[in-house]
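A short write-up of the structure that comes next.
Protein chains: 2
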Amino acid sequence: MTRYKVGLATRARILEATRAALAEDGLEGATLKAICERAGVQPGSFYNQFPSKDEAVMQVVREAIQAVDPHPDGAGADTLDDLVDAYVKFVTGDPAVARIYLQLAVGGGLTDARLGARVLRHHRRRQDRFTDALRRACPGLEDREARLRVEAMLAALNGLAFQWLLDGEVDLAGHARRLLAGATSA
Amino acid sequence: MTRYKVGLATRARILEATRAALAEDGLEGATLKAICERAGVQPGSFYNQFPSKDEAVMQVVREAIQAVDPHPDGAGADTLDDLVDAYVKFVTGDPAVARIYLQLAVGGGLTDARLGARVLRHHRRRQDRFTDALRRACPGLEDREARLRVEAMLAALNGLAFQWLLDGEVDLAGHARRLLAGATSA
DNA sequence: GTCTAATTTGAGTGAACGCTCAAAGGCGTC
DNA sequence: GACGCCTTTGAGCGTTCACTCAAATTAGAC
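Residue numbers (the numbering used here), protein chains in the order written: chain A, 4 to 189; chain B, 4 to 189.
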């Protein structure tokens, strides 16, 4: 099982095809047929590399989720600006994957519920990192207030991301700056 | 075509079944079979009342969308409080339909793209009404600034609604109050 | 009661889906 | 070069989906 170079190459091609299919046609358009055609591979070959279609999709989204964090492992190094900036870059830089990420969060999606849980877990962790950064920026802020502000700010960022994905007429970066200013002042 | 009482009754039963199916099983669980079983009706009967499955779903969502607005036709009567309150009530009162509403907005959904357009159009109209209400509450506010604030507030509300639907641990009403205070002051 | 047309039935269509598997082929080791 | 196992093929499986239609039934006007 995946010991030859050709196998690894095929696996990579399939993942790339999955990414492209998700990006162009969304979650519902990323059928097995579409993925296989893009990858230049037959279904049997796909299932030699992945146990199910969902597993390949999960892999792609997993990697996209990690791309949100500037320094996933470094705990407490990033400023609030860094974190917000990274999110804006994530959404604007790879809108298709961002759409999938948000789509999954809403619950419409995979047969498997595991991915939803993963998205939620990731969101919690992100919330903690934002809260830490905010408290570093405003030392006098009490914990509860910091959590509330982060909750509101992240929700607003997500909401703005949605809207930006919908019509593209929203100044995402500008709004992000205002949110940042609002959260750190007062 | 729908001239007898039985026909109208069947139509009503189908719509109610669609609503229930959407609420319990989400967009992807609301299959024709599921709807027909709930309604106690055969597929042929369904298609005597609706041209397609999507049309029935559209009807349900259309009605849900209208429920968001306290006074859909009266232009400029509601205060900002009313509007925000109505939205919070919409989400918390019928979470399943709210989830579908938001799900559709993200683009995953019906075969038909018309519904997405409808959701977007509705959102734009709602944005206008919120802006009007805000300018009435803060007469000194210039137009651009009012628009920006409303954009941010609605995005935040949507984002918070998502999160509330995900884990239910968010104080949606409390956040709504804070957003309201933030938008009208400063 | 009769007649027309709305309504209901339910088996059935074709298409799309995820996925399987036996056979054929190719990579790497010795 | 020969052998073993990884890899690829591609027809086809079973299921589910939205949807159809001829025939039977029934509501309502006269």
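Cβ atoms here follow ideal geometry from the backbone N, Cα and C, with glycine treated the same way.
Interface partners of residue i on chain A, CB under 9 Å
i: HIS178 of chain B; result: LEU151, GLU154, ALA155, ALA158
i: VAL173 of chain B; result: GLU154, ALA158
Chain A residues whose Cβ lies nearer than 7 Å to that of residue i
i: ASP170 of chain B; result: LEU123
Limits of the unbroken alpha helix (DSSP H) element including residue i
i: TYR7 of chain B; result: Per DSSP, TYR7 of chain B belongs to no alpha helix (DSSP H) and is neither H nor E.
i: CYS195 of chain B; result: Outside the modelled stretch of chain B, which goes from 4 to 189, sits residue 195 of chain B, for which no answer is possible.
i: ALA80 of chain A; result: Taken as a continuous stretch (DSSP letters only), ALA80 of chain A belongs to no alpha helix (DSSP H), as it is neither H nor E.
i: VAL153 of chain A; result: 146-170
i: PHE49 of chain A; result: 46-52
i: HIS178 of chain B; result: 175-187
i: ASP57 of chain B; result: 56-71
Cross-chain neighbours of residue i in chain B, by beta carbon under 9 Å
i: GLY162 of chain A; result: ALA155, LEU157, ALA158, ALA159, LEU160, ASN161, GLY162, LEU163, ALA164, PHE165
Of the listed residues the options, nearest to residue i (C-alpha basis)
i: MET2 of chain A; options: A:THR21, A:PRO46, A:ASP84, A:ALA24; result: The displayed coordinates of chain A run from 4 to 189. Any statement about residue 2 of chain A would go beyond what the structure contains.
i: PHE53 of chain A; options: A:GLU66, A:ALA70, A:LEU35; result: A:LEU35
i: THR82 of chain B; options: B:SER48, B:GLU58, B:ARG41, B:PHE133; result: B:PHE133
i: SER48 of chain B; options: B:ALA140, B:GLY177, B:GLU148, B:LEU18; result: B:LEU18
i: ASN51 of chain B; options: B:ALA15, B:ALA23, B:ASP146; result: B:ALA15
i: THR187 of chain A; options: A:CYS141, A:ALA158, A:GLN166; result: A:CYS141
i: ARG65 of chain B; options: B:LEU107, B:ALA184, B:PRO46, B:GLY185; result: B:LEU107
i: VAL173 of chain A; options: B:VAL9, B:SER55, B:ARG147, B:ALA184; result: B:ARG147
i: ARG128 of chain A; options: A:ASP97, A:GLN69, A:GLY96, A:ALA184; result: A:GLN69
i: ASP97 of chain B; options: B:GLN130, B:ARG22, B:HIS126; result: B:ARG22
Contact check, residue i vs residue j, beta carbons under 8 Å
i: ASP151 of chain A; j: ILE103 of chain A; result: Checking the sequence, you will find Leu at residue 151 of chain A rather than Asp. In this structure, ILE103 of chain A does not lie closer than 8 Å to LEU151 of chain A by Cβ.
i: LEU160 of chain B; j: LEU144 of chain B; result: no
i: ALA26 of chain A; j: ALA99 of chain A; result: yes
i: VAL63 of chain B; j: ALA89 of chain B; result: no
i: VAL94 of chain B; j: LEU175 of chain B; result: yes
i: ALA20 of chain A; j: ASP28 of chain A; result: no
i: LEU137 of chain B; j: VAL153 of chain B; result: yes
i: HIS74 of chain A; j: ALA67 of chain A; result: no
i: ALA149 of chain B; j: VAL91 of chain B; result: no
i: ALA120 of chain A; j: LEU168 of chain A; result: no
i: ALA24 of chain A; j: ARG41 of chain A; result: yes
i: ASP170 of chain A; j: LEU123 of chain B; result: yes
i: ALA33 of chain A; j: GLN166 of chain B; result: no
i: GLY185 of chain B; j: GLY185 of chain A; result: yes
Partner residues on chain A for residue i, Cβ-Cβ distance less than 8 Å
i: GLY185 of chain B; result: GLY185
i: ARG181 of chain B; result: LEU151, ALA155
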